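The structure appears below as structure tokens.
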Amino acid sequence: MESKKIIVVGGSSGIGLSTAQMLARRGHSVTNISRTECPDEQITSLKADVTDTAAFTSALRKASENGVDALVYSAGFSMAAPVEHAKAEDYRYLFDVNLFGAIHAVQTVLPVMREQNFGRIVLVGSIGGVLPIAYDAFYSASKAALSMFCRELNLETNPFGVYATTVLPGGTATRFTFKRKVYTAEDAGTYAETLEKSVVALAEIEQGGMEASEVARTILNALNAEKPPLSVAAGMKNKAYHLSQKILPEKFSSYMVGCKYNLH
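Its first residue numbered 42, the sequence shown is counted upward by one per residue in the working numbering.
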């Protein structure tokens, strides 16, 4: 891909930062939008919270005022909580970050991409949107919704040269593990013991998983593709997990998830 103007949302750390840096090193003009400034001086940073619609819209418009060739949405939030006791303000915030922020970003850049008859969109989803993560129901649900949103989006935008892909990482060794909101034993009630087990297992999966750079390379491949895939898993292990869900019975795969998170 020749030098392009690219917006990365959530590029101050983790997968977003690795992606922004990889793009910048390849000569692209990269603008990051996030609550905290990107630590890499090669990358232009605009500060905005994706849940603050006015500020986020302003940043997106500023970043795309002279055109935008690609959008990478990597902002994310996770909460470990039993469904029975989850607080509305928590799961509404999660959906605002993981799903509705992505939708708003897409809506804002689409007119520019459609008019120039070219655009690439990558939404960072998760294997957790294919296989449920124990006690992270809302995260899994938001990522599943993101994948279906992306899939339908292509039906509308492909005729205008705009293609969207959901990239599905699995466990990735970033600070995201330690930013997760974890309900206390008091808040979790009856579920406290199994919640704790699942949180420990998830942290081990993430911190023992792939590097953010591997996910970033998958994102770059999607951006570079002439006809990008609707969705693609990052890493061979996650490709196998993704494929298995098309083959294995749901009850069996759910049982295996329970084993993985020490619930059986």
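Every residue gets a Cβ at the ideal spot worked out from N, C-alpha and C, and that includes glycine.
Since the model is a prediction, treat every value here as computed from it, not as a measurement.
Going along the chain, which residues of its own chain have a beta-carbon closer than 8 angstroms to the beta-carbon of residue i, five neighbours each way excluded?
i: V241; result: N303
i: S53; result: N73, S75, R76, T77, E78, C79, P80 and S86
i: C191; result: I162, L164, G166, A205, T206, T207, L271 and S272
i: G249; result: G212 and A214
i: S285; result: S294
Around the C-beta of residue i, are 16 or more other C-beta atoms found within 10 angstroms, so that it is buried, or is it exposed?
i: A129; result: exposed
i: F293; result: exposed
i: I313; result: This structure cannot speak to residue 313, because the chain is shown only from 42 to 305.
i: E247; result: buried
i: H305; result: exposed
i: Q62; result: buried
i: G51; result: buried
i: M154; result: buried
i: K287; result: exposed
i: Y176; result: buried
i: K184; result: buried
i: Y296; result: exposed
i: L289; result: exposed
i: M189; result: exposed
i: L196; result: exposed
Please check the pair residue i and residue j, which I expect to be a contact at CB under 8 angstroms, by giving their CB distance rounded to whole angstroms.
i: Y282; j: L172; result: 6 angstroms
i: V203; j: G160; result: 4 angstroms
i: A275; j: V298; result: The pair is not a contact, with the Cβ atoms about 19 angstroms apart (cut-off 8 angstroms).
i: A104; j: G142; result: So it is not a contact: roughly 15 angstroms between Cβ atoms.
i: Y132; j: T92; result: About 13 angstroms separates the two Cβ atoms, so there is no contact after all.
i: N279; j: G211; result: 4 angstroms
i: V109; j: I48; result: 6 angstroms
i: A111; j: L264; result: 5 angstroms
i: T60; j: V113; result: 6 angstroms
i: A226; j: F179; result: Incorrect: roughly 20 angstroms between the Cβ atoms, too far for contact.
i: H69; j: K88; result: About 21 angstroms; that fails the 8 angstroms criterion.
Who are the Cβ neighbours of residue i in its own chain at under 7 angstroms, not counting the five residues just before and after it?
i: R102; result: T149
i: T259; result: V208, V273 and A275
i: R1; result: The structure shown does not extend to residue 1, since the chain is modelled only from 42 through 305, so no value can be given for it.
i: A244; result: T218
Where does residue i fall in DSSP's three states?
i: Y180; result: helix
i: A121; result: strand
i: V91; result: coil
i: S158; result: Note that residue 158 corresponds to Asn in the displayed sequence, not to Ser. Coil at N158, not helix or strand.
i: A274; result: strand
i: L284; result: helix
i: K46; result: strand
i: Y224; result: coil
i: S294; result: helix
i: V165; result: strand
i: A186; result: helix
i: L112; result: strand
Return the chain-ordered list of same chain residues with a C-beta closer than 6 angstroms to the C-beta of residue i, the five sequence neighbours on each side being excluded.
i: Y232; result: P123
i: M251; result: T213 and G276
i: T235; result: L304
| field | Given 8 angstroms, three or more beta-carbon pairs between the region 268-288 and the region 199-215 | value | Verdict: yes, contact present.
| task | Report yes or no: do three or more beta-carbon pairs, one from the region 214-224 and one from the region 150-157, lie closer than 8 angstroms? | result | Counting Cβ pairs under 8 angstroms, fewer than three are found: no touch.
| message | For the region 94-112 against the region 134-147, do three or more pairs of beta-carbon atoms, one drawn from each stretch, fall closer than 8 angstroms, so that the two count as touching? | response | The region 94-112 is in contact with the region 134-147.
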